[in-house]
Each structure stands twice: as C-alpha cells, then as structure tokens.
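Notes follow once the structure below has been shown.
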Amino acid sequence: MYGHMLRIHGEHLAKGQTLPKNAQAVGNGGPQRAGSMMGAAEVAAVAATPVTLGDGKSLTLMLEDSDDGATFAALPVSFRRSAPGGCTWAEGEVLGRLPLPSDCRRHVRVVIGTDDAGASGTVDVVFDYLPR
C-alpha cells in the first residue's frame, strides 16, 4: 500500500489537461465532493504526458472550495514548482502534492497555472487516499 497511489475511478480534478501557457486554468474535472475527508486524502498532480517547463519557469497548483459547487474561494494551500535550467518530467511522475484541509467545504476544485508561454504537456490532478 505504501509507495502507491490509491485513486478512485472517475474522481479527477483534472484529467489529461493541457498545461496553460503563461496563464491559469480551472481543472477540467470540475468540482469534486471532498468535504469531511478529515485528512484521509491529499491532492496529487501527475504528468499524464511528458511535462516541460523552460528555464526559471514554474508550475503552480491552488485549491478552491465551495458549499454550493458554484461560488469558490481560495483555500490557504498552494504549491509552486520551479524549473531551474528547464525541466522535463516523464509520464507518471508526481509533479506536486497538496494537503486537503480537514475543514474544507463540500466541493473542491484545482487551479493550474504556469508562467511559461512555452509550457507543454498534460497533467492529471487526483485525490490520493492515504493509508491509515
């Protein structure tokens, strides 16, 4: 169990989403129900195809939550990964992880961003259920 990701079929905050180029985009998986997980999961971004960022550029992940699934507010967790000298991550590599706050509201979505106009590749953003 340890060292493996436990994903639930069909629960994606983003699936095969093309990295935004010098912009931010809401995950194409839309909002997912995540309230009351009480620390049982974290959010992981995984390269669905090889991901490339240019020298000094970065990838950011942010989470937003909502009670009604329509009006979202930023959660106080975010992730930024820089690419000094430029980097390429292979398919299947984990790009980053975010803790899911235990007090988040019912619906959660991800916002993916880069500051690289030449960013390439696609990502999956999933819940990784943690062994207890």
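In terms of our numbering, the sequence shown opens at residue 1233 and continues consecutively. We put the CB at the ideal spot given by N, CA and C, even for glycine.
In angstroms, rounded to a whole number, what distance separates the CA positions of residue i and residue j?
{"i": "residue 1288", "j": "residue 1336", "result": "32 angstroms"}
{"i": "residue 1242", "j": "residue 1317", "result": "36 angstroms"}
{"i": "residue 1357", "j": "residue 1312", "result": "14 angstroms"}
{"i": "residue 1258", "j": "residue 1343", "result": "4 angstroms"}
{"i": "residue 1361", "j": "residue 1349", "result": "33 angstroms"}
{"i": "residue 1284", "j": "residue 1304", "result": "29 angstroms"}
{"i": "residue 1244", "j": "residue 1347", "result": "24 angstroms"}
{"i": "residue 1299", "j": "residue 1275", "result": "19 angstroms"}
{"i": "residue 1290", "j": "residue 1351", "result": "9 angstroms"}
{"i": "residue 1359", "j": "residue 1322", "result": "20 angstroms"}
{"i": "residue 1341", "j": "residue 1331", "result": "13 angstroms"}
{"i": "residue 1309", "j": "residue 1324", "result": "23 angstroms"}
{"i": "residue 1286", "j": "residue 1295", "result": "24 angstroms"}
{"i": "residue 1315", "j": "residue 1292", "result": "12 angstroms"}
Assign residue i to one of two classes, buried (16 or more other C-beta atoms within 10 Å of its C-beta) or exposed (fewer than that).
{"i": "residue 1263", "result": "buried"}
{"i": "residue 1326", "result": "exposed"}
{"i": "residue 1266", "result": "buried"}
{"i": "residue 1248", "result": "exposed"}
{"i": "residue 1345", "result": "buried"}
{"i": "residue 1302", "result": "exposed"}
My output table needs one value for residue i: the three-state DSSP class, helix, strand or coil.
{"i": "residue 1281", "result": "coil"}
{"i": "residue 1312", "result": "strand"}
{"i": "residue 1359", "result": "strand"}
{"i": "residue 1336", "result": "coil"}
{"i": "residue 1263", "result": "coil"}
{"i": "residue 1328", "result": "strand"}
{"i": "residue 1251", "result": "coil"}
{"i": "residue 1296", "result": "strand"}
{"i": "residue 1350", "result": "coil"}
{"i": "residue 1302", "result": "coil"}
{"i": "residue 1257", "result": "strand"}
Return the Cβ separation of residue i and residue j in integer angstroms, given the expectation that the two are a contact with Cβ distance under 8 angstroms.
{"i": "residue 1354", "j": "residue 1251", "result": "7 angstroms"}
{"i": "residue 1277", "j": "residue 1328", "result": "5 angstroms"}
{"i": "residue 1333", "j": "residue 1307", "result": "6 angstroms"}
{"i": "residue 1261", "j": "residue 1246", "result": "5 angstroms"}
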